[in-house]
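Student: Mind having a look at this structure? Questions to follow.
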Amino acid sequence: MDKLSIDDKAIEFIKKALEKEKAPAMRLFISGGGCCKLFEIAPVRKALAGDITYNRCGIRVYVEKQIADNAGSIEIKFDEKKGLSIDFK
Numbered sequence: 034m035d036k037l038s039i040d041d042k043a044i045e046f047i048k049k050a051l052e053k054e055k056a057p058a059m060r061l062f063i064s065g066g067g068c069c070k071l072f073e074i075a076p077v078r079k080a081l082a083g084d085i086t087y088n089r090c091g092i093r094v095y096v097e098k099q100i101a102d103n104a105g106s107i108e109i110k111f112d113e114k115k116g117l118s119i120d121f122k
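If you want our numbering, it's the 1-based position in the sequence shown plus 33.
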């Protein structure tokens with residue numbers, strides 16, 4: 034993966050979530066199984082084996098290896114109406 038970007042509103046949202054959960058990082062991962070896989074982002078205390086670590090604007094993000102290996106770039110954005118969104122390119 035070449036690039037992880039986080040817009041200013043998402044940074045603010047994520048920092049608040051990390052403070053609330055008293056967690057040092059966020060983790061981007063795949064959940065579910067079969068045809069119903071979902072991408073999720075959640076506050077965590079530590080990375081899992083194989084996670085790739087990125088630091089952006091004072092936020093540590095652990096990205097599941099499978100995602101990092103298959104995405105050219107990831108953009109995390111926040112919209113007041115839609116909430117947090119993750120775009121892969």
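Glycine is no exception: its CB is placed at the ideal position from the N, C-alpha and C atoms.
(1) Measure the CB-CB distance between TYR95 and ASP102 and report whether it falls below 8 Å.
(2) Going by other Cβ atoms of all chains shown within 10 Å of its Cβ, with 16 needed for buried, is ILE109 buried or exposed?
(3) Tell me whether the beta-carbon of PHE111 lies closer than 8 Å to the beta-carbon of LYS55.
(4) Between the C-alpha atoms of ASP120 and ILE63, what's the straight-line distance to the nearest angstrom?
(5) Tell me whether the beta-carbon of PRO76 lies closer than 8 Å to the beta-carbon of LEU117.
(6) By Cβ distance, which residues of its chain are closer than 7 Å to CYS90, with the 5 residues on each side in sequence left out?
(7) Where does ARG78 land, buried or exposed, given buried means 16+ other C-beta within 10 angstroms?
(8) In whole angstroms, what separates the C-alpha of ILE92 from that of CYS68?
Tutor: According to the data block:
(1) If you number the sequence shown from 1, residue 95 lands on position 62. If you number the sequence shown from 1, residue 102 lands on position 69. It is not a contact, given that the beta carbons lie outside the stated cut-off.
(2) Start at 1 with the first residue of the sequence shown, and residue 109 comes out as number 76. Flag for ILE109 reads buried.
(3) Against the sequence shown, residue 111 aligns to sequence position 78. Against the sequence shown, residue 55 aligns to sequence position 22. Contact: no.
(4) For the purposes of this step, residue 120 is taken as the residue at position 87 of the sequence shown. For the purposes of this step, residue 63 is taken as the residue at position 30 of the sequence shown. Their Cα atoms are separated by approximately 14 Å.
(5) Here the question's residue 76 lines up with position 43 in the sequence shown. Here the question's residue 117 lines up with position 84 in the sequence shown. No. Outside cutoff.
(6) Here residue 90 refers to the residue found at position 57 when the sequence shown is read from its first residue. The residues are ILE39, ILE44.
(7) Stepping through the sequence shown from its first residue, residue 78 is reached at position 45. Exposed.
(8) Here residue 92 refers to the residue found at position 59 when the sequence shown is read from its first residue. Here residue 68 refers to the residue found at position 35 when the sequence shown is read from its first residue. If you take the alpha carbons of ILE92 and CYS68, they lie about 31 Å apart.
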